[in-house]
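Protein chains: 2
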Amino acid sequence: MELKKFNGIEFTDGGVCAAKGFRANGVQCGLTHEGALPAKGKNDLAMIAADCECTAAAVYTTNKVKGAPILVTKEHLRNGTARAVIVNSVNANTCNPDGVEKANKMCELTAQALGISADDVIVASTGVIGQVLPIEPIAAGMPALAEGLTYDGNPRAVQAIMTTDTMPKEIAVKFTLGGKTCTLGGMLKGSGMIHPNMATTLTFLTTDAAISAELLQRALSDVVKVTLNRVSVDGDTSTNDMVCVMASGLAENTPVTKENEDFEAFENALYAIMLNLARMMARDGEGATKLVECAVSGAKDELTAEIVAKSVITSSLFKSMIFGEDANAGRIYCAIGYADADVDISKVDFDIASKGGRIALGRRGCVEKFSEEEAKKVLSEEEILVDIRLGEGAGNAVAWGCDLTYDYVKINGDYRS
Amino acid sequence: MELKKFNGIEFTDGGVCAAKGFRANGVQCGLTHEGALPAKGKNDLAMIAADCECTAAAVYTTNKVKGAPILVTKEHLRNGTARAVIVNSVNANTCNPDGVEKANKMCELTAQALGISADDVIVASTGVIGQVLPIEPIAAGMPALAEGLTYDGNPRAVQAIMTTDTMPKEIAVKFTLGGKTCTLGGMLKGSGMIHPNMATTLTFLTTDAAISAELLQRALSDVVKVTLNRVSVDGDTSTNDMVCVMASGLAENTPVTKENEDFEAFENALYAIMLNLARMMARDGEGATKLVECAVSGAKDELTAEIVAKSVITSSLFKSMIFGEDANAGRIYCAIGYADADVDISKVDFDIASKGGRIALGRRGCVEKFSEEEAKKVLSEEEILVDIRLGEGAGNAVAWGCDLTYDYVKINGDYRS
């Protein structure tokens, strides 16, 4: 998948270790759940440690069932500072009787290992819901995890947060704040239980920019709204979603403390990161073979555009037809029509496009005649754009999704994930 | 699938022909769509004809893209009377430039063949969206369709409305109004593009009870709300959904003109019909192997119960786990948690049950320990109940769904339906 590029922003390597002042590591401590064995050789516990106190911010799932780690992290980030992240996969530590106790224990173990305070630790878990989290493997794995922290440990960390992900997802960018080069990087896990309008998934970001906790929170909330919150894999909102960011300030820029040009530049860099992570997540949706981008323009406002875009990428019939590479245009009109938004179908045009070409499929509420052969050429590509024009105003929005495949059913039917 | 029984209501045969005064027929007129051949020997055009003027009522899809037949039928039912139904499958006559003209033409052809007025005809279409409907095969098939009408023609009619349905779905009941035996029967088609909160699918009902158009409409609207509107197959709301009912009055009961005991008895009979049709539709959802019934009780009101029940049966992760016969209880809590309803998760209990037994899966927001073997026994049955108790009040609701299977993807990826 090609990265979307932005002016003044340069991609770089290193994920959560790209910014100055962050070490990371991942180990296999041997977590498992009932009836399952530990995955062979796969890391299941990751740590990110900052060299100094950081400002920090986070956005959380809107699910009323909240994983215990979410509750503990919220409490720890109340003061807007953090120094470390501890995160496990395999077990979500949610819907069990002692989740908060275990999440607190994970923070204490991390604090001991790093010589910091437990309330400076961000804790997260992902995996099976509803099982007791065994703390022993985590406690046993902690010394090696902390000792192995390095400034290039991001590949070990990103592996530890993967569940049904088929590829690690990390990214980093360089940009300039007041003449100083800053770096922002991160890692993300998908790939099921993902639906717009909530924090969506686990994402850990680090930057060396100096920025106040308040503005860090504002930038994160703004950007999540138009990136991760516009991705849908399966319409299911996870209980453990969280996006968090730590800022070390080691780039030595003049701290960003108001909504000035520097704040905008920081937000742009964050947008570049999050937009690409959103695309990676959709492309690696459970069982997915294609990335779908739905761009809606000409809406009376942005919200209308967003609702229509999400309705299309969420439709099971639309997702199945993308998998089948069948240009069944009526299904796109159908999904636009049942979106809870003010749309005059008789004004709606849409095309599908990809590296394979562009086809006019819908015009003024009717399906156009098109060449099945050309449509097949467009749909056989791996990245498909659905370009919808509502013909009413200037509102626009983009949403990302994927196709619905046999493998989605297989992954979620056969495996307790 | 066993029928759900009700006191004072007796099941009978005959579908839309069970009530006095209704003939039906179905033929293959040879409809097709671009790139496809007519299905081998499958009827594609059905007619129901009443012996006398009937009171009539209907409920329609809430999709803003409305099939042309919906617009024409709405107009024809404005006066609350009808004498016939004409319906085709294969082509939905929607999102094309001349749909209304063609729907009107179908009514005119029917009126001519039966010697009635065109505005006494209910017209419906189901099939591929966005193609021009060829009127010639319909015109050519009309004489044989009308001549072949019989008082036992329902099996030919029900076959003509099937699309991806794997079995015909029809039902009829006998009940008593003021000492007179009345009959109410009907047929329904599924089986994709089906989602709650709209009329859902094509359903044609006939009765010989005498009832005013106004009360017929009230009964239909009431009952659809708690039956068909609580079924979800795939979350997609069709453009052509319609449920209609014609009442001939030939049972010679004192006409039902106010909300008295007779009205209640009629509504009960309608509920018995529609509840069973809803269950049949969910069971025959595209690719489905299991019927899922989700009963929510203890909600603070009925709406809360309904929202929670629909959230569970609509969840792709829940549906996949039902297919995989995996008691992944966390997914049920997850779907309850993201329902847009006022729920205190720490009070929520739930069980799964079937002919294979009953298992306590969730208690007070936590997943219970359970025997995997017993869970497998429960989930290996064809009808699964999820029994959720919210522990707050007296509101309750039931919703119906099915599992998500490889075949759903196959049907909707490989075939332009």
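Residue numbers (this note's numbering), protein chains in the order written: chain X, 21 to 437; chain P, 21 to 437. The beta carbon of each residue, even a glycine, is placed where N, CA and C say it ideally should be.
Does residue i get closer than 7 Å to chain X when you measure Cβ to Cβ?
| i | result |
| --- | --- |
| P58(P) | no |
| G415(P) | no |
| E284(P) | no |
| I29(P) | no |
| A329(P) | no |
| G350(P) | yes |
| S374(P) | no |
| I155(P) | no |
| Y426(P) | yes |
| G411(P) | no |
| Y171(P) | no |
| G421(P) | no |
| G206(P) | no |
Any idea which residues DSSP pairs residue i with across the strands?
| i | result |
| --- | --- |
| Y80(P) | M262(P) |
| N111(X) | V148(X) |
| A102(P) | C74(P) |
| V251(P) | W420(P) |
| M207(X) | E190(X), F224(X) |
| K200(P) | L197(P) |
| A267(X) | T75(X), T227(X) |
| T170(P) | A44(P) |
| A143(X) | According to the sequence displayed, residue 143(X) carries Val and not Ala. Bridge partners of V143(X): I106(X). |
| F370(P) | G382(P), I408(P) |
| G433(P) | Looking at the DSSP assignment, G433(P) forms no beta bridge with any residue, so it has no partner. |
| G415(P) | A319(P) |
Within 7 Å of any Cβ in chain P, is that where the Cβ of residue i sits?
| i | result |
| --- | --- |
| D407(X) | no |
| V368(X) | no |
| G433(X) | yes |
| V429(X) | yes |
| S335(X) | yes |
| Y353(X) | yes |
| L270(X) | no |
| I13(X) | Missing from the structure shown is residue 13(X); chain X here goes from 21 to 437 and no further. |
| Y291(X) | no |
| T220(X) | Only weak support is given to the placement of T220(X): the predicted model assigns it a pLDDT of 44, under 50, and the question is left unresolved by the model. |
| I365(X) | yes |
| G344(X) | yes |
Which word fits residue i, buried or exposed, when buried means at least 16 other C-beta atoms lie within 10 angstroms of its C-beta?
| i | result |
| --- | --- |
| G385(X) | buried |
| P216(X) | With a pLDDT of only 45 at P216(X), under 50, the local geometry of the prediction cannot be trusted, and the value read off the model is given with reservation. So P216(X) counts as buried. |
| K310(X) | buried |
| L165(P) | buried |
| P163(P) | exposed |
| E441(X) | In the structure displayed, chain X extends from 21 to 437; residue 441(X) sits before or after that span and is not available. |
| Y428(P) | buried |
| G173(P) | buried |
| E326(X) | buried |
| S391(P) | exposed |
| M21(X) | exposed |
| D254(P) | buried |
| R43(X) | buried |
| T277(X) | exposed |
| D360(P) | exposed |
| R378(X) | exposed |
| A38(X) | buried |
| S211(X) | buried |
| T203(P) | buried |
| D423(P) | buried |
Could you tell me which chain C residues have their CB closer than 7 Å to the CB of residue i, listed as they occur along the chain?
| i | result |
| --- | --- |
| M341(P) | You won't find chain C in this structure, because its protein chains are X and P. |
Requested in this report: Could you tell me which uninterrupted beta strand (DSSP E) segments, each at least 3 residues in length, are contained entirely in the stretch 31 to 72 of chain X, listed from first to last along the chain?
Outcome: 42 to 47
Requested in this report: Could you please tell me which residues of the stretch 123 to 152 of chain X, in chain order, have their CB closer than 8 Å to any CB of chain P?
Outcome: V148, I149, G150, Q151
Requested in this report: Anything in the stretch 99 to 125 of chain X with a Cβ closer than 8 Å to a Cβ of chain P? List those residues in chain order, please.
Outcome: Of all residues in the stretch 99 to 125 of chain X, only A112, T114, C115, N116, P117 place a beta-carbon less than 8 Å from a beta-carbon of chain P.
Query - 3-residue-minimum beta strand (DSSP E) runs that sit fully inside the stretch 272 to 335 of chain X, ordered along the chain - result: 311 to 319
Query - Segments assigned alpha helix (DSSP H), at least 4 residues, entirely inside the stretch 376 to 406 of chain X - result: Correct list: 392 to 399.
Query raised in the report: Taking a cut of 8 Å between CB atoms, which residues from the stretch 247 to 268 of chain P lie near chain X?
Result: Here the close residues are D254, G255, D256, T257, S258, T259.
Query raised in the report: Listed in chain order, which residues of the stretch 299 to 332 of chain P have Cβ atoms closer than 8 Å to some Cβ of chain X?
Result: none
Report task. May I ask you to list, following chain order, the residues of the stretch 75 to 86 of chain X that have a beta carbon less than 9 Å from some beta carbon of chain P? Result -> From the stretch 75 to 86 of chain X, only T81, T82, N83, K84, V85, K86 have a Cβ closer than 9 Å to chain P.
Requested in this report: Would you list, in chain order, the members of the stretch 378 to 401 of chain P that have their beta-carbon closer than 8 Å to a beta-carbon of chain X?
Outcome: G382, G385, C386, V387, E392
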